[in-house]
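The sequence shown begins at 66 in the numbering used here and counts up by one. Presented below is the structure to which this report refers.
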Amino acid sequence: MMMDQLAVIFDMDGVLVDSEPWHYKVEELIYAELGIEVPDKVHQLYLGTAADLMWSDLKKRYGLKPSLEELVKYDEEFRVGFFSDLGNLQPNPGVKKLLSGLSDANIPMAVATSSVPGIVDIILEQCGIRSFFDAVVTTVQAGKSKPAPDVYLYAAGKLEHEPSSCLVFEDSMNGIRAAVDAGMTCVAFQPEGAVQHDISAAHHFITDFRHISPETIRRWVTNKQFS
Numbered sequence: 066m067m068m069d070q071l072a073v074i075f076d077m078d079g080v081l082v083d084s085e086p087w088h089y090k091v092e093e094l095i096y097a098e099l100g101i102e103v104p105d106k107v108h109q110l111y112l113g114t115a116a117d118l119m120w121s122d123l124k125k126r127y128g129l130k131p132s133l134e135e136l137v138k139y140d141e142e143f144r145v146g147f148f149s150d151l152g153n154l155q156p157n158p159g160v161k162k163l164l165s166g167l168s169d170a171n172i173p174m175a176v177a178t179s180s181v182p183g184i185v186d187i188i189l190e191q192c193g194i195r196s197f198f199d200a201v202v203t204t205v206q207a208g209k210s211k212p213a214p215d216v217y218l219y220a221a222g223k224l225e226h227e228p229s230s231c232l233v234f235e236d237s238m239n240g241i242r243a244a245v246d247a248g249m250t251c252v253a254f255q256p257e258g259a260v261q262h263d264i265s266a267a268h269h270f271i272t273d274f275r276h277i278s279p280e281t282i283r284r285w286v287t288n289k290q291f292s
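What follows is the structure in structure tokens.
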């Protein structure tokens with residue numbers, strides 16, 4: 066496979082940046098305002114999914130009175146304010162070097178995320194990596210949330226690449242399933258010490274971005290065996 070036939074798509078939260086703890090904090094604050102307690106085992110079900118899917122399930126589980134539209138809107142407004150005030154996010158170690166190497170190799174890149182649209186550019190700009198990406202897409206634009214493959218297929222379309230020529234970096238079971246079902250090579254990122262998720266559906270596995278190169282990625286796309 067020639068390098069110019071390759072495209073790389075990144076999930077954002079937990080992959081490009083360790084923002085999951087902050088999202089968890091936001092959700093705890095919103096749950097408290099709504100007067101509900103959500104066990105970790107339930108909260109884990111929503112990792113990698115969009116806000117509308119999460120709040121639709123929570124509304125049913127806890128009989129929440131606000132409409133789904135009101136819950137999703139409040140969620141986005143709360144997150145935008147929270148992350149705007151945070152102002153100190155950094156990309157995961159090795160991410161910026163990898164993005165720079167891919168850019169130098171003229172390999173197109175996209176972000177495909179389930180995060181609410183209002184905070185995506187805020188997070189990417191805070192990390193100083195927004196300019197590396199040819200496309201930034203969310204499940205709101207693409208259709209169904211992960212684990213459906215919609216957002217990855219939409220991102221591939223934006224990059225004008227076939228799914229089979231795309232490699233995805235993901236960290237959640239829902240996201241891995243979405244990437245694999247889209248027909249893409251999926252690399253699971255699970256740093257040492259992080260909460261362990263089921264990553265068995267991924268083709269490859271890493272704990273660190275610092276030693277990943279464009280050549281490594283090309284080999285992964287031509288060999289999807291789990292490693």
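Ideal Cβ positions, reconstructed from N, Cα and C, are used throughout, including at glycine. Keep in mind that this is a model prediction, so the values were computed, not measured.
Within the region 120 to 200, complete beta strand (DSSP E) segments of at least 3 residues are found at 174 to 178, given in chain order. A residue is called buried when at least 16 other Cβ atoms come within 10 angstroms of its Cβ; Y89 does not meet this threshold and is exposed. Ranked by Cα distance from G113, the first of R144, I271, L151 and D236 is D236. Here A243 is near V216, since their CB atoms are less than 8 Å apart. Look at L232 here: in three-state DSSP terms it is strand. For I282, the secondary structure class from DSSP, reduced to helix, strand or coil, is helix. In this structure, A267 is the residue among H108, A267, E280 and L94 with its C-alpha nearest to the C-alpha of F234. Nearest Cα to G100 within the set P131, N157, D83 and A247: P131. By the neighbour-count criterion, in which a residue is buried when 16 or more other Cβ atoms sit within 10 angstroms of its Cβ, K125 is exposed. Within the same chain, V145, F148 and S149 come within 8 Å of I187 by CB-CB distance, once the 5 residues on both sides are set aside. Membership of A259 in any beta strand (DSSP E) is not indicated, and neither H nor E is assigned to it by DSSP.
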